[in-house]
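In our numbering, the protein residues as written are 271 to 692.
See structure below.
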Amino acid sequence: MDAAFTAEQDEIRRTLRDLLARHAGPGEVRAAVRTAEGHDPALWRRLAQGLGLPGLALPEEYGGAGCTPTELALACEETGRALLPSPLLATAVLAAPLITALGTPSQRAGLLPRIADGTLTAALAVPGGSMAAALGLTGDNRSAPWSGGGRAGGVQARHGDGGWRLYGEADRVLDGHSAGLLLVAAHTGGYPRSRTLLFLVPTEFHVRAEVSGGAPTEVPTDVPSGTEGLTRTRLTSLDETRPLARVELRDTPAALLGTEADTADVCGALAATGHTAAAVLAAEAVGAAAGALERTVAYVKEREQFGRAIGSFQAVKHRLADLYVRVEAARSAAYYAAWDPAAGPLALAQALETARTVAGEAVQLHGGIGFTWEHEAHLYVKRAAADELLFGPVHRLRDHAAVRAGLFGDVPSRALAHEVAV
């Protein structure tokens with residue numbers, strides 16, 4: 271394993287950091303979260319079309335850069351440092367890999383190029399707000415009742431003469447209020463033979479035109495154009511930089527992602543996506559922790575008490591040194607997970623814990639100003655707390671990793687007992 275970054279990877283980091291320093295300061299972040307989209311559309315277009323962030327890990331045949339998850343993790347480390355509100359996580363980290371893994375050739379050809387160029391954003395909608403369970407981060411998603419069960423609850427899918435129809439609702443859908451495409455996890459088959467499949471629900475109709483030999487040709491996506499019965503409501507969330515929505519489906523037309531013959535292992539695809547997403551999320555949490563620490567170090571150099579900067583006091587130096595060690599350890603774990611996504615859940619647990627600790631210490635070391643809404647320190651606290659609610663908690667991430675590693679004896683029986691207890 272070569273732990274050194276390539277010149278291209280360093281350039282991605284440097285270019286993105288410079289751009290965000292100019293256009294994603296605390297004032298710009300506060301303004302962006304209050305827009306209808308929950309992010310700055312102009313900055314998103316610049317990130318997508320100028321830097322190609324959504325397509326970093328997509329194959330070149332679909333307009334992507336053909337990079338590895340490492341490049342995407344490095345990019346998200348920088349967006350985490352700035353607490354940037356953007357659809358990058360929901361679109362490129364959660365939705366795009368599922369379309370790549372399960373979609374038909376026409377679905378991939380029609381959707382992935384638009385995701386790569388930033389003109390289409392997507393969101394993964396799972397019932398019950400159970401994102402961590404659905405992605406296999408805190409339990410076995412094949413046995414955990416994260417999707418509501420086939421008898422009742424969750425989102426139900428039925429197939430009729432007019433195609434697939436969905437009925438139910440999903441809460442806490444990341445960027446679900448503004449995404450142009452929803453990937454909805456739904457039950458089909460009826461109880462007791464129910465199984466979970468993924469469905470495509472467009473919130474806007476697009477037919478992408480490509481020029482081939484001078485003549486425009488339509489690229490089919492196998493996605494219905496209607497949005498009847500679909501209601502999306504933006505929720506009040508703890509962290510405004512992570513917009514959440516409730517998605518309600520009332521006999522809504524949808525298209526199966528892939529074909530029934532090729533979707534036998536939807537839970538496996540979700541778990542594989544979850545491991546990579548955990549690695550990227552770990553890098554993003556490390557970026558947020560590093561950003562909070564940098565702001566705190568700069569503050570203690572300026573704030574004076576008893577005629578000297580408080581950063582010169584030995585007790586403050588020790589606290590900052592401890593935080594620095596935590597951040598660097600979490601960064602090492604996140605970088606390793608970007609190389610080996612199987613380590614993603616453990617790296618995410620360490621990064622989330624580090625982000626929570628650093629954010630709390632940042633508030634303390636800022637003193638009275640750190641407790642006010644006017645200061646950006648509380649934004650880091652909210653990000654750390656909200657991410658653990660969405661993708662944790664930390665002890666569940668570690669417990670499931672220990673179960674998978676066989677640290678508690680017989681893995682299948684221990685995993686089943688764990689799921690029943692939860």
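Backbone N, C-alpha and C fix where the C-beta goes; we use that ideal spot for every residue, glycine too.
Keep in mind the model is a prediction, meaning the values are calculated, not measured.
Rounded to the nearest whole angstrom, the C-alpha separation of A365 and L453 is 7 Å.
Under the three-state reduction of DSSP output, E574 falls in the strand class.
Judged by DSSP in its simplified three-state form, H457 adopts strand. In the DSSP assignment, W434 falls within the beta strand (DSSP E) that extends over 433-444.
In the displayed model, L451 falls within a strand according to three-state DSSP. Residues of the same chain with a CB within less than 7 Å of the CB of H645, apart from the 5 flanking positions on each side, are H636, I639 in chain order. Burial of L467 is indicated by the presence of at least 16 other C-beta atoms within 10 angstroms of its C-beta. Of all C-beta pairs linking the segment 540-552 to the segment 398-414, three or more are shorter than 8 Å, placing the two stretches in contact. In the structure shown, the three-state DSSP call for D310 is coil. V595 sits exposed, since fewer than 16 C-beta atoms from the chains shown fall within 10 Å of its C-beta.
With respect to Y437, D521 sits close: the two C-beta atoms are nearer than 8 Å. Residue range 375-386 is occupied by the alpha helix (DSSP H) that includes G380. Listed in chain order, the alpha helix (DSSP H) runs fully inside the segment 522-552 amount to none, counting runs of at least 4 residues. It is roughly 9 Å from the alpha-carbon of A558 to the alpha-carbon of A629. When Cβ pairs closer than 8 Å are counted between the two stretches, the segment 324-332 is seen to touch the segment 384-394, the count reaching three or more. Rounded to whole angstroms, the gap between the alpha carbons of A654 and A345 is 18 Å. The beta carbon of D441 is closer than 6 Å to those of G399, R516 in its chain, skipping five residues each way along the sequence.
Counting every other CB atom within 10 Å of its CB across the protein chains shown gives E330 a total below 16, marking it as exposed. For R502, the enclosing beta strand (DSSP E) stretches over residues 500-504. Excluding five sequence positions before and after G499, the CB atoms of its chain that fall closer than 7 Å to its own CB belong to L519, R520, D521, T522, given in chain order.
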